[in-house]
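Right, one structure below, let's go through it.
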Amino acid sequence: MAGSRRVALGVAVVSLVVALVLVVAGRPRGALVLVVEGAALLVVVAARQAAVPAAPPTAADVAWAASVLGQHGTDPRRQAVLGVKQLRDARPQLGLRQARDLVRALQQPPR
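Each residue of the sequence shown is one higher than the one before, starting from 43 at the first, in the working numbering.
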């Protein structure tokens, strides 16, 4: 889903640039349409991303997260925010929701 966010952001930026050109060219009505379309596209993409449930972390992912937090001496039950930051620092492509879910999985008692 991160790719669709980048595409939507790119389309919105291009729409704003074209809208600026239209304003400079003396066509403000066309510029307004482009700005509204770009904003609507960003809203649609954000709504789609919010509606997609996150996949639960795998056992391997939880083990990796435990090792990263163990190396830093971070207790996920007491230092959840720091744990999320350290996981995202260790793996930059990890999203905020994914890192949060990993820390929450580590907060659960073992079964």
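Where a beta carbon is used, it is the ideal one built from N, C-alpha and C, also for glycine.
For the alpha helix (DSSP H) holding Ala105, just list the boundary residues, first then last.
For Ala105, the enclosing alpha helix (DSSP H) covers residues Ala101 to His114.
Under DSSP, the alpha helix (DSSP H) around Gln128 begins and ends at which residues?
Boundaries of the alpha helix (DSSP H) around Gln128: Ala122 to Ala132.
First and last residue of the uninterrupted alpha helix (DSSP H) at Ala179
Since the first residue shown for the chain is 43 and the last is 153, residue 179 is missing from the structure and cannot be characterised.
What is the DSSP secondary structure of Val60, counted as helix, strand or coil?
The answer is helix: DSSP assigns Val60 an H, G or I state.
Quick check: the Cα distance between Arg119 and Ala105, rounded to an integer number of angstroms?
Annotation: Arg119 to Ala105 spans about 16 Å, alpha carbon to alpha carbon.
Since Leu138 contacts Ala107 with CB under 8 Å, what's their CB separation in whole angstroms?
The distance from the Cβ of Leu138 to that of Ala107 is about 14 Å, inconsistent with a contact at the 8 Å cut-off.
So for Ser68, helix, strand or coil by DSSP?
Per the sequence shown, the amino acid found at residue 68 is Gly instead of Ser. Three-state result, Gly68: coil.
If I measure Cβ to Cβ from Gly68 and keep anything under 8 Å in the same chain, skipping five residues before and after, which residues do I get?
There are no such residues.
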